[in-house]
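In the numbering used here, the protein residues as written are 80 to 401.
Here a beta-carbon is modelled for each residue, glycine too, at the ideal position from N, C-alpha and C.
What you are looking at is a predicted structure, and each value in this text was computed from that prediction instead of being measured.
Here is the structure we will look at.
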């Protein structure tokens with residue numbers, strides 16, 4: 080929600096400075112908070128549209144103050160609209176299914192306002208009532224379902240909430256699981272060790288049951304392609320469960336990197352070469368392969384599939400393991 084500062088100006092985003100950012104320069108802090116802003120745009124925003132809650136000059140080199148707040152005033156968040164023409168997997172008067180590309184958030188956040196799946200689709204198609212039926216992480220590719228009007232969207236959202244949608248994902252994981260099929264039944268909740276990095280795991284104070292079915296599709300020497308069917312819909316469920324099983328998804332920075340390296344990535348936007356190499360991929364190799372559900376109006380069962388993207392196929396090149 081947009082708010083006003085003491086000067087009456089509208090705040091587009093407000094960031095609390097956590098302990099992990101102690102001593103960090105203001106420009107670097109903002110670049111970590113809003114990765115889509117170029118260095119030039121950050122400098123411009125600092126010059127004209129940034130307010131600090133503590134008494135200090137507003138300039139790029141100013142160190143941020145732990146516990147303080149950095150406010151970015153409208154129109155400080157600027158984005159150049161990207162080209163966006165995803166393959167349409169299915170379309171009728173009620174629903175739209177697309178093959179979402181990796182690297183694009185699905186809904187607006189403080190750091191992504193124009194270049195989101197829903198914002199771009201509404202503008203490009205001239206359909207302001209388009210509504211997400213569910214969500215995918217920014218780096219996840221594959222089938223994404225939307226309602227073309229409010230009634231259809233609500234029916235679709237209810238189907239997801241009540242676990243009436245069968246979801247199948249493909250993931251390239253580290254290592255080759257010994258069993259051809261296995262089930263992960265571990266509760267998940269949000270936890271943090273430092274108040275800065277938040278993950279999902281069974282060690283959280285409050286957890287919810289989470290169940291995931293896994294089938295190995297192909298084994299290589301140091302990785303495998305797995306088909307994953309989540310029976311519940313917890314945040315980061317597939318990512319957290321596979322990591323807990325000892326087979327994290329390649330490219331998963333949050334669940335593969337130790338806290339030290341992940342904090343460095345957030346603060347400075349880069350990783351040591353050794354840490355980057357351990358990820359095994361430049362992005363999270365998770366793909367929404369298939370959704371099966373009852374049509375909200377017609378009632379018949381429909382199946383929507385998106386082909387595995389080229390970067391995942393490339394990651395699987397090599398001889399099968401013995």
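In this structure, what does DSSP give as the bridge partners for residue i?
i, result
"residue 92", "151"
"residue 380", "373"
"residue 225", "175, 211"
"residue 279", "269"
"residue 262", "292"
"residue 247", "369"
"residue 167", "177"
"residue 131", "149"
If distances are taken between C-alpha atoms only, which option among the options comes closest to residue i?
i, options, result
"residue 95", "330, 377, 149, 274", "149"
"residue 213", "193, 202, 207, 185", "185"
"residue 222", "320, 386, 308", "386"
"residue 374", "122, 169, 309, 107", "169"
"residue 312", "99, 266, 345, 140", "266"
"residue 129", "105, 196, 180", "105"
"residue 307", "247, 376, 210", "247"
"residue 358", "161, 271, 343, 333", "333"
"residue 388", "376, 290, 180", "180"
"residue 220", "241, 239, 183", "183"
"residue 240", "121, 314, 259", "314"
"residue 279", "372, 316, 304", "316"
Suppose you measure from the CA of residue i to the CA of residue j; what does that come to, to the nearest Å?
i, j, result
"residue 327", "residue 152", "39 Å"
"residue 243", "residue 367", "16 Å"
"residue 233", "residue 111", "35 Å"
"residue 252", "residue 134", "48 Å"
"residue 349", "residue 394", "22 Å"
"residue 273", "residue 99", "8 Å"
"residue 323", "residue 138", "43 Å"
"residue 147", "residue 131", "7 Å"
"residue 108", "residue 143", "8 Å"
"residue 396", "residue 93", "45 Å"
"residue 83", "residue 145", "Its pLDDT being 38, under 50, residue 83 is placed unreliably in this model, and the value from its coordinates should be taken loosely. Cα to Cα, the separation comes out at about 22 Å."
"residue 217", "residue 377", "31 Å"
"residue 283", "residue 342", "20 Å"
"residue 399", "residue 300", "7 Å"
"residue 287", "residue 268", "6 Å"
"residue 249", "residue 187", "26 Å"
"residue 346", "residue 230", "43 Å"
"residue 224", "residue 310", "18 Å"
"residue 362", "residue 140", "31 Å"
"residue 382", "residue 176", "11 Å"
Please classify residue i: is it buried, with 16 or more other beta-carbons within 10 angstroms of its beta-carbon, or exposed?
i, result
"residue 391", "buried"
"residue 356", "exposed"
"residue 263", "buried"
"residue 166", "exposed"
"residue 291", "buried"
"residue 161", "exposed"
"residue 178", "buried"
Flag residue i as yes if its beta-carbon sits less than 8 Å from any beta-carbon of chain C, otherwise no.
i, result
"residue 244", "Reference to chain C is not applicable here, since this structure consists of a single protein chain."
Just list the beta strand (DSSP E) runs in the segment 298-375, keeping only unbroken ones of 3 residues or longer that don't cross its boundaries, in chain order.
302-309, 365-373
Worksheet item: Fully enclosed by the segment 91-125, which alpha helix (DSSP H) runs are 4 residues long or longer?
Response: 105-112
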